[in-house]
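Take a look at the structure set out below.
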Amino acid sequence: MGDWEQLRRTCMACTRCGLCETRHNVVFGVGNPQADILFVGEGPGEQEDLRGEPFVGPAGKLLDDMLSIIDLDRKENCYIANIVKCRPPRNRDPLETEQDACIGFLREQIALVAPKVLVCLGRIAAKRLIREDYRITREHGQWTQENGIWMTAIYHPSALLRDVSKRPETFEDLLAIREKLRQVTETR
Ligand code: URA
0 MGDWEQLRRT CMACTRCGLC ETRHNVVFGV GNPQADILFV GEGPGEQEDL
50 RGEPFVGPAG KLLDDMLSII DLDRKENCYI ANIVKCRPPR NRDPLETEQD
100 ACIGFLREQI ALVAPKVLVC LGRIAAKRLI REDYRITREH GQWTQENGIW
150 MTAIYHPSAL LRDVSKRPET FEDLLAIREK LRQVTETR
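Below, the structure written as structure tokens:
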């Protein structure tokens, strides 16, 4: 766990961008560091900033329900992190410069977890990790493989709170994620 502790410490003390001035807590990540699947959101909201844990507000409650549909639990068998580790004021999208300053931490987390499957939660994560011109409406649920990791994106839980009509297709995406996870883990 030496590498993790070092990374966590560096991240907790980070002043690489202006978000450090308004944060209450750095939101490093949560879950099993040996998980086969990693979920990546956008950045902490108010509740996350106050508690120091990703996805603990209303969107987080929905995310936990989505995970349980496919037999996942944030403490047991997956890992959850964000593109930026500190809350953007008023929950605005993280700026390109803030993402650039922070993305190295996520890259190190990805290397340490070494997941078989990586799921982007929403547009911002998909654009950053899959393709700059990623279109979530058109491409959610599609798969690509990069450096041995199967990658996909689904709608962000906040989008599903705002627009319940997106839930049935997300349910299908979740089932496909469970299936992919089965496929890639049973060949070991
Ligand atoms: N939205 C995100 O993208 N990440 C969180 O941690 C919380 C809400």
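With the first letter of the sequence shown counted as 1, position 160 gets the number 159 in numbering that gives the first Met the number 0; the numbers rise by one all the way through.
Note that beta-carbon positions come from the ideal geometry of N, C-alpha and C, so glycine has one too.
Per DSSP, Gly-40 is paired with what? Stepping through the sequence shown from its first residue, residue 40 is reached at position 41. Gly-40 is bridged to Asn-81.
As a quick exercise: from Gln-33, Arg-8 and Met-150, pick the residue whose alpha carbon is nearest that of Arg-130. Translated into the one-based positions of the sequence shown, residue 130 becomes position 131. Out of Gln-33, Arg-8 and Met-150, Met-150 has the C-alpha closest to the C-alpha of Arg-130.
Please classify Ala-175: does DSSP put it in a helix, a strand, or coil? Taking the first residue of the sequence shown as position 1, residue 175 is located at position 176. Residue state, collapsed to three classes: helix.
Determine the DSSP secondary structure at Ala-100, reduced to helix, strand or coil. Translated into positions along the sequence shown, residue 100 becomes position 101. It is helical.
Which word fits Gly-40, buried or exposed, when buried means at least 16 other C-beta atoms lie within 10 angstroms of its C-beta? For the purposes of this step, residue 40 is identified with residue 41 of the sequence shown, where counting begins at 1. So Gly-40 ends up on the buried side.
For Pro-53 versus Leu-111, is the C-beta spacing smaller than 8 Å? Position 54 of the sequence shown, counted from the first residue, corresponds to residue 53. Position 112 of the sequence shown, counted from the first residue, corresponds to residue 111. It is not a contact, given that the beta carbons lie outside the stated cut-off.
Nearest by alpha-carbon distance to Ala-27: which of Asp-92, Gly-103 and Leu-61 is it? Taking the first residue of the sequence shown as 1, we reach residue 27 at position 28. This sequence places Phe at residue 27; Ala is not what is there. Of the listed residues, the one whose Cα sits closest to Phe-27 is Gly-103.
In whole angstroms, what is the alpha-carbon distance linking Lys-241 and Pro-43? With the chain represented from 0 up to 187, any question about residue 241 goes unanswered, as that position is not in the structure.
Taking 7 Å as the limit, name every residue whose beta carbon sits nearer than that to some heavy atom of ligand 1, in sequence order. Val-26, Gly-40, Glu-41, Gly-42, Pro-43, Gly-44, Glu-47, Pro-53, Phe-54, Gly-56, Ala-58, Gly-59, Asn-81, Leu-120, Gly-121, His-155 and Ser-157
The beta strand (DSSP E) spanning Trp-69 covers which residue range? Walking along the sequence shown from the start, residue 69 turns up at place 70. It should be pointed out that residue 69 corresponds to Ile in this sequence rather than to Trp. Segment: none, Ile-69 is in no beta strand (DSSP E) and carries neither H nor E.
Assuming Ile-148 and Pro-93 make a contact with CB atoms under 8 Å, what is their CB distance in whole Å? Your numbering for residue 148 matches position 149 in the sequence shown. Your numbering for residue 93 matches position 94 in the sequence shown. Not confirmed; about 22 Å, so no contact.
Bridge partner(s) assigned by DSSP for Ile-148: Within the sequence shown, residue 148 is the residue found at index 149, counting from 1. According to DSSP, which records beta bridges pairwise, Ile-148 is partnered with Glu-145.
Leaving out the 5 sequence neighbours to the left and right, which residues in its chain are closer than 8 Å to Gln-108 when beta-carbon positions are compared? Counting from one through the sequence shown, the residue named residue 108 turns up at place 109. Around Gln-108: Leu-6, Gly-28, Leu-37, Tyr-78 and Ala-80.
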